[in-house]
Structures are given as C-alpha cells and as structure tokens.
Amino acid sequence: MISASDAISSAAFRLLGESQAIQVVRERICKLASSAAPVAIYGESGSGKELAARDIHAHSPRASQPFIAVNCGAIPENLMEAEFFGYRRGAFTGANEERQGFFHAAHRGTLFLDEVAELPLAMQVKLLRAIQERRVRKLGAQREDVIDVRILSATHQNLASLVERGSFRQDLYFRLQVIALSLPPLRARREDIPLLCDAILRRHLPLIRKPVISAAAMDRLVAYDFPGNVRELENVLERALAFSVGTVIGPDDLYFESPIRHGVVDDASRGQPMISNQARPASTDLLRTSLPVSLPVHLAGVERELIQRALGQSRFNRTRAASLLGISLRQLRYRMQRLTIHDTD
Ligand SMILES: Nc1ncnc2c1ncn2[C@@H]1O[C@H](COP(=O)(O)OP(=O)(O)OP(=O)(O)O)[C@@H](O)[C@H]1O
Ligand SMILES: [Mg+2]
C-alpha cells in the first residue's frame, strides 16, 4: 500500500531529500498547490526556493499554464514598469512594437517574484495595485486587462524587518504572504546530503563515468555546515570533479567556501588547516604566469574569464553567478559594467 509519505517522497518533485524536514515541505506544497492564494517562500540562499516555487506550480491546477519567474533584483529600475506590465507601440521612444509584460505572459498561470525584497518602493505600489485589482494596464494603453495569475514570491531576506525599516511596504508584505513556506537549511537535514550528492553527480556526468565519493569525503560533506546550502554542495562537487584524479572523489578534492567547524573534520583545530577553495586553483595558475606582466591587465583578464564562466555556468542568471563568485549582485553588476561584459558575450 502506498502511504501519503511515499507519495510525497516520489519522483514527482524537484525538491529531493528523504529527511523529515523536506518531507514536511513537500506535504505542505501538495496542500497549498490547490489554492490560488499567494505564497511567500523563505529560506537561506541556495536552499531551494525556486525549486519549491516550480514544484508548487507543477502540482497546481495551473500546471499546464505558464510559469513565469522574474528576478526582481535583475531588472533596471527604469524598465520595471514596461517589463511587468508591457507596453503598446509608441508608448515611449523605442517602443516600436507592442509587448506583453510578465503579468500578461503569466495569465492563467503562476508569476514567481524572486528576490522580491529588491523591488524599489515605487514599483511595490504598482505591483500591489495590479495584484489586488487583478487588472493590468499596458504602458500607453487606454484600457486595463483582467489578469488571472497566482503570485509566488521568494526572498532570503527577512521581509518583516525590511517592513520595520521602511524599505518594504507593509500592505504588499501582507498581500504576498497569505501563506508562508519555509525551506530548511541543508545543515538541518544532513541525512539528505548523500542522496543529493548522487543526484548532482548524475546530472553532471554520464552514467558510465559515475564517480564514487570516498567514505572519508562523505564524512566531511555530511559534517560541513553549508552556509550556501544545496547550491554550495553543487559547487563543491563540481570543483571536486574538476580536481579529482580518477573516478574517486577523496577528502582532499573538497574545497569548502567557509571553514569547517565540526569536530570530526575540523582539521584546523588539529593544526592542519584546510586549503580554502579559492587558494589552490587561482594561485597556482597565477604564479605560473611569466613576468613581466601588466598586473592590472592580467587581473582584469582573470576577472573577466571567471565572470564569464560563472555566467555561463548559471545560464546567465546573475544572482546565481554572483553567488558562485562569492560577491553580491551589485558587485557583479559593477564589475560587468567596468569590464564591459554583456550577458550574451
Ligand atoms: N531539495 C533539493 N533537491 C535537489 N536540488 C536542490 C534542492 N534544493 C536546492 N537544489 C538545487 O540547488 C540549487 C539552488 O536552488 P534554488 O535556486 O532553488 O535556491 P534558492 O533558494 O532560490 O537560492 P537563492 O536564494 O540563492 O536564489 C539549484 O541548482 C537547485 O537545483
Ligand atoms: Mg533563487
């Protein structure tokens, strides 16, 4: 007999894991998927908020309709209205043809407002109005269109404290979080780490070359705190694949993004500091470069290459690229501008 928990642990979810904590999340997703109420998804960076949003949509009656994900932190402020609401031809200089915005594109489906805390206040007012009235007027249009979208939102920030500080509108906050869904950090469900490792390695490599993670390496992985959660685990494994010789990933192939704090694997406390992930690849390559070099030109070249690799790896998701590089989205934008890197380079 299939129990309810078998059903929610089935392959019908993108959010993997067999821990109690993740099963509770999947159970909640099943329940809230059938309603049309807005859901605010909370969780640390890399904990699976976007996956949860996609799972909600996939389990909802809207599954066959569009799922439109909008990274609110990645849209220039002056384009926001046009991007969200669309425009008529001639609405402004450069509006050569009519275009639909995110609301129209998500009609009958789901609109996922990712990094919602990044919305400027002026845009928050306009969004609230559209969500409440269920109507959207394209820029330059006379009439409003009735729009039916389910709103999901996500942020790794504490929205309540942003409301207190005055940078997020309270009315929009209440509107978005009719239902709140919290994702547990990976360190609160360490038992899922082996299963996630398996899924990640399968995704990266064809079956025949499936590498094995040694027991010692797995001990390290399970003991690490993963401040960057599942995304950091993906990064750690990807790096390990690049550095491992042969098909076994050993403990020395693992480079973590912050120091290990747990007793069993805390090499630092035994006087053998672990090499940080940044230290090995970058410094050896740099030191091999023969002199003379122009240091600024050389560094700009390295920076450009790393940014382009991160953009490629994240399929041009700037938030993700910034996190792969350990910098903020703002810093990434600034650096891309300085080095004149465009998303499509
Ligand atoms: N439970 C999970 N099962 C499988 N993969 C997961 C899980 N949680 C996260 N991931 C993977 O980790 C990565 C980060 O997930 P996602 O983008 O959903 O996180 P996020 O919470 O939106 O992160 P951020 O706050 O940085 O935007 C993705 O590649 C995703 O596939
Ligand atoms: Mg996200």
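Using this note's numbering, you'd call the opening residue of the sequence shown number 22 and step up by one each time. Using N, Cα and C, we set each Cβ at its ideal position, and we do this for glycine too. Computed from a predicted structure; not experimentally measured.
{"Query": "Assigned exposure category for D192 - 16 Cβ within 10 Å defines buried", "Result": "exposed"}
{"Query": "The stretch 37 to 50 touching the stretch 73 to 88, judged by at least three CB pairs closer than 8 Å", "Result": "yes"}
{"Query": "D135 CB to nearest heavy atom of ligand 1 below 8 Å", "Result": "yes"}
{"Query": "Any non-hydrogen atom of ligand 2 within 8 Å of E71 CB", "Result": "yes"}
{"Query": "Heavy atom of ligand 2 within 8 Å of T131 beta-carbon", "Result": "no"}
{"Query": "Inter-residue Cα distance where the pair is V285 and L148", "Result": "Any reading at V285 must be qualified, since the residue scores a pLDDT of 36, below 50, and its modelled position is unreliable; the value itself is stated next. Near 50 Å, if we compare the C-alpha coordinates of L148 and V285."}
{"Query": "Length of the line joining the Cα atoms of G69 and A201", "Result": "15 Å"}
{"Query": "heavy atom of ligand 2 below 8 Å from A143 C-beta", "Result": "no"}
{"Query": "Rounded C-alpha distance that separates R327 from L262", "Result": "Before going on, a small fix: residue 327 reads as Leu here, not Arg. For L327 and L262, the distance between alpha carbons rounds to 18 Å."}
{"Query": "Alpha-carbon spacing of L222 relative to V266, whole angstroms", "Result": "15 Å"}
{"Query": "Cα-Cα separation between Y245 and R354, rounded to whole angstroms", "Result": "30 Å"}
{"Query": "Cβ pair count under 8 Å reaching 3, the stretch 56 to 65 against the stretch 170 to 180", "Result": "yes"}
{"Query": "Pairwise C-alpha distance: F124 and F106", "Result": "6 Å"}
{"Query": "Touching by the beta-carbon criterion (3+ pairs, under 8 Å), the stretch 175 to 182 and the stretch 127 to 142", "Result": "yes"}
{"Query": "Best match in V323, L332, Q86 and N92 for proximity to L1 [C-alpha to C-alpha]", "Result": "Residue 1 lies beyond the residue range present for the chain, which begins at 22 and ends at 366; the question has no answer from this structure."}
{"Query": "Contact under 9 Å by Cβ, V137 with C93", "Result": "yes"}
{"Query": "Contact test: S344 Cβ vs ligand 1 heavy atom, cutoff 8 Å", "Result": "yes"}
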